[in-house]
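Visitor: Here it is, the structure in full.
In the UniProt record's numbering, the protein residues as written are 1 to 289.
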């Protein structure tokens, strides 16, 4: 596990403080980056990962990348916010490797870290409170490029603070269930899937990789991740496609090939089944914002 985490890359996009009211009401938000919140006053709701989470003062929250969500504030709340890109080697995500909670009661240092990050990175606040506005390639590239302007010490401290804050949401190893431990042990096969999304992956191929019987592998995988291997592979292909649509100028055909769905009409159908829109519309809507 430690070797994989050593490859974790974090890139700050934004940090700031916002006072928000009923206009903070957005549906069908999906972003290619992590969101972190520290609530200081008031309350609001976020809905993601099949959970309804109340944002409360004195608590910190994380919203994983590529997670469909709804954001709603009925009256008023104030928040420190952070957004950052994350990646482990070969396009692997920390959210596929570890079990996470999405809310934690803040300790005295958490507020300091949010404030310190803002101090290290002034002028990185968002000008628009709509969480959908910044889900496009040019804007994200511009935000990320600002990290190059940091001094070496500020860059390292920024990265360290992001690591500390994200670590607050990783479930303690001693409290994880057997199912979570099995999930951790499947880390290598998940990495294999991520490295080979462009290939024609089969359940037998994955089972052989783990030196397991195909039926047994499929059953344990389903128990650990709540879905069959083929469904997991398909979901990762769509996630990768979303990233490529937002971060490259590749054609739809090129992206389909890169995620192992070479038949363009099939790619369009599967993508729409997951997101509600075709790849072309997904890219057009995000880039126009």
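For each residue, glycine too, the CB sits at the ideal point set by N, CA and C.
May I ask you to report which of helix, strand or coil DSSP gives residue 104?
Guide: Three-state DSSP puts residue 104 in a strand.
Visitor: State the CB to CB distance for the pair residue 301 and residue 81, rounded to an integer number of angstroms; the pair is presumed to be in contact (CB under 8 angstroms).
Guide: In this structure the chain extends from 1 to 289, so residue 301 is not present and cannot be described.
Visitor: Using a Cβ-Cβ cut-off of 7 angstroms (strictly less than) and excluding sequence neighbours within five positions of residue 230, which residues of its own chain qualify?
Guide: Cβ neighbours of residue 230 beyond the five flanking positions: 203.
Visitor: From the DSSP secondary-structure annotation, give me the bridge partner or partners of residue 6.
Guide: Beta-bridge pairing links residue 6 to no other residue.
Visitor: Sorted by chain position, which residues of the same chain lie with C-beta nearer than 7 angstroms to residue 13's C-beta, five sequence neighbours on each side aside?
Guide: If we look at residue 13 and ignore the five residues flanking it on each side, its Cβ neighbours are 33, 83, 84, 85, 140, 143 and 144.
Visitor: According to the neighbour-count rule (16 or more other Cβ atoms, all chains shown, within 10 Å of its Cβ), is residue 27 buried or exposed?
Guide: Burial call: exposed.
Visitor: Alpha carbon to alpha carbon, what distance is there between residue 59 and residue 266?
Guide: Roughly 43 angstroms between the two C-alpha positions.
Visitor: What does the Cβ neighbour count give for residue 276, buried or exposed, with the cut at 16 atoms within 10 Å?
Guide: Residue 276 should be labelled exposed.
Visitor: Hey, would you say residue 170 sits closer than 8 angstroms to residue 103, going by beta carbons?
Guide: Against a cut-off of 8 angstroms, the Cβ pair of residue 103 and residue 170 comes out as no contact.
Visitor: Between which residues of its own chain and residue 241 is the CB-CB distance below 7 angstroms, once the five residues before and five after are set aside?
Guide: Correct list, in chain order: 255, 259, 271 and 279.
Visitor: Does DSSP classify residue 86 as helix, strand or coil?
Guide: In the structure shown, residue 86 sits in a strand (DSSP, three-state: E or B).
Visitor: Determine the direct distance from the alpha carbon of residue 191 to that of residue 6, and round the result to whole angstroms.
Guide: Cα to Cα, the separation comes out at about 15 angstroms.
Visitor: Assuming residue 19 contacts residue 39 (C-beta within less than 8 angstroms), just tell me the rounded distance between them.
Guide: Incorrect: roughly 12 angstroms between the Cβ atoms, too far for contact.
Visitor: Would you check if the distance between the CB atom of residue 161 and the CB atom of residue 62 is smaller than 8 angstroms?
Guide: Cβ distance not < 8 angstroms, so residue 161 and residue 62 don't count as in contact.
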